[in-house]
Each structure stands twice: as C-alpha cells, then as structure tokens.
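Numbering (this note's numbering), first residue to last: 7 to 282. Below: one structure, written as structure tokens.
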Ligand code: NDP
C-alpha cells in the first residue's frame, strides 16, 4: 500500500517467487491515499490478508493500526512490512510491524564485508538512511557519521543513533562538496540523488575516495549511478540499490510464508521488470 505505487516492481518479484516456491499466494499493489489508510487497514484485517508492505506516505502512520513492533521498527518509528500472527487459541490475530529496508541493505553489504567495527559515513537522513543506519548500529558498526543538508533531520537521526541504538554517531552539515574522512570503511548514498538520472552527481569530493572504501547506493533505478561509477574509478568496491531491494523482498517473503525464496529468481524478476 502506498501512493504513488504505479511502477513499483515488488509485486512482480513476489509473484515470480510465489510461483517458483509452488505457493498459491497473491501480492497486490494497492494505491491508497493518506486519508484512506484507516479504511484500508480495516479492509485488510476484514479480508484476513496475511501481511502487507507499506511505502510512502504510510510508513509512520500505519503504526497506530498495529498490535506490536519489532525492535528495529520501534527504534526507527517506521514500518514497511506487516505480518499477521494467528492466535494459537483461536482468538483474534495480531498484526506486527517490521522494517526490512535496513535489513535488506545490511544483507547486501554482508556480501562484501561484515559491518561490525566499521566506520560508516551515511549521506542523507531520510527514511531509507534512517532504516539503514539503525540496522548498521544493531549490526555493531563502530561509528556512524551522518552528513545531511537539513540540519534538523541530520541531528535527529544522529541523536536517535546515539540515544536509542547506542552507537557512536556524529552529524556533519552538508554544504558544498563533502570531503570523505580518511578511515571511512563504508560510504553510503542514502539520499534520493540519482534516482531516474544517471548523470546526477552526489556532491562529494570524489578525490577523497580510495580503494580501501566500499561505496553503496540506495538508488536502484538506474542501478549504475554517477556516484557508483565515480567510486569505482577510484578503486572502491561498489554495491548498487538492487541488492537492497531484492533482499528486503526476500526477508518479507520469509516473514509471511516461512519459506526461503530463491534470491536469484527475485533479482532476475526485478531486472526483467526494470528492463535492465
Ligand atoms: P526521503 O525523502 O525520506 O529522504 C531523502 C533524503 O535525500 C534526505 O536526507 C534529503 O536531505 C536528501 N536529499 C534529497 N535531495 C538532495 C540534494 N539535492 N542534496 C542533498 N541531499 C538531498 O526519501 P527516502 O529516504 O524514503 O528515499 C531515498 C531514496 O532511497 C529514494 O530514491 C528511494 O527510491 C531509495 N530507496 C531505495 C530502496 C532500495 O531498496 N534500494 C528502499 C527505500 C528507498 P534533506 O533532509 O536535507 O531534505
């Protein structure tokens, strides 16, 4: 459920994976405006849906209709995945909120490195950056530096990381081209810069990147962004946003069905849908 959701690739990925696992399940993409969320939640419960994903503008508002939250979702104050937990004694089911955005990213990062004890620089402090930063903190990152244009959002995320996720964190205002600090292990573009524009540059000083660093992008369309191309030229290992998207779908699928889908089937479906 979200608005706008036209063109969202998740349904295509999920249905390919249901078929591959021999599950007679359906995943629907539902355009729900903000003011209809209460009705939509009542409908979802009345129709006994097994679960749902939520995207903008519902990730925070949906919480009031739920019966519980995972640790990470409670910390972030945002939910993108809901699961129906049936009562063993035939009572009413509980609807529990989870956030798979950051978990999908961390799964993807683990293909290159373990985030434990790493120095992380996060560009951005919006919903995606928040989810990823909290999961990196829970995964044992040594320090997280938040670089954001709006000081209010940047400081708020930094405080959340320090106070609730108990990780060392600092905020750096983003003015001009950011010089990436020496010793950075993982640099993440968590902003919306580069979405649908392969030549849009994330404003950093690319000369400060080096081959010791991993550069990761949340942008999945196009997957090979300006940021990643420049980082690769400086010898960085890179991670595109497709892995994060596939992995969060893998995690949601498992939460709902208790079956492990084949990530390769989902990645292939995603690439087919995005015509890559
Ligand atoms: P939000 O609107 O919540 O946050 C956007 C962030 O980008 C803010 O930090 C904002 O800074 C920053 N930003 C935007 N434009 C600029 C700019 N010109 N200069 C500096 N900073 C800028 O969006 P989300 O966090 O929800 O989504 C961000 C991106 O992540 C989207 O493109 C989305 O498609 C992608 N995404 C990818 C996923 C995946 O699975 N690969 C999953 C979820 C999201 P400020 O606070 O100053 O406005």
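Glycine residues also receive a C-beta, built at the ideal position from the N, C-alpha and C atoms. As the structure is a computational prediction, the values presented were derived from the model and not from experiment.
Secondary structure at residue 214: helix, using DSSP grouped into helix, strand and coil.
DSSP places residue 136 inside the alpha helix (DSSP H), whose first and last residues are 133-144.
Here DSSP, grouped into helix, strand and coil, assigns residue 243 to strand. Taking the Cβ of residue 243 as the reference point, every heavy atom of the ligand NDP lies at 7 Å or farther away.
In this chain, the alpha helix (DSSP H) harbouring residue 271 covers 269-279.
For the pair residue 108 and residue 63, the Cα-to-Cα distance works out to about 18 Å. For residue 221, the enclosing beta strand (DSSP E) covers residues 220-223. Taking non-hydrogen atoms of the ligand NDP into account, the C-beta of residue 251 is found less than 7 Å away from one of them. Ranking 11, 15, 7 by CA distance to the CA of residue 226 puts 15 first.
Residue 74 sits in a strand when the DSSP states are folded into three classes.
Annotated three-state conformation of residue 156 is coil, per DSSP.
At a threshold of 7 Å, residue 76 does not count as near the ligand NDP, since its beta carbon sits no closer than that to any of the ligand's heavy atoms. Excluding sequence positions up to five before and after residue 121, its CB lies within less than 8 Å of the CB of 112, 115, 142, 145, 146, 147, 192, all in the same chain and listed in chain order. Per DSSP, reduced to three states, the secondary structure at residue 32 is coil, with no helix or strand assignment. The C-alpha of residue 101 is placed about 19 Å away from the C-alpha of residue 265. The three-state reading of DSSP puts residue 59 in strand, counting E and B together.
Inter-residue distance for residue 47 and residue 240 is about 48 Å (C-alpha atoms, whole angstroms). The alpha-carbon separation between residue 228 and residue 236 amounts to approximately 15 Å.
Within the DSSP bridge table, the entry for residue 128 names 152, 194 as partners. By alpha-carbon distance to residue 118, the top candidate from 218, 271, 91 is 218.
Judged by DSSP secondary structure, residue 175 falls within the beta strand (DSSP E) whose first and last residues are 174-179.
Residue 230 has its CB no nearer than 7 Å to any heavy atom of the ligand NDP.
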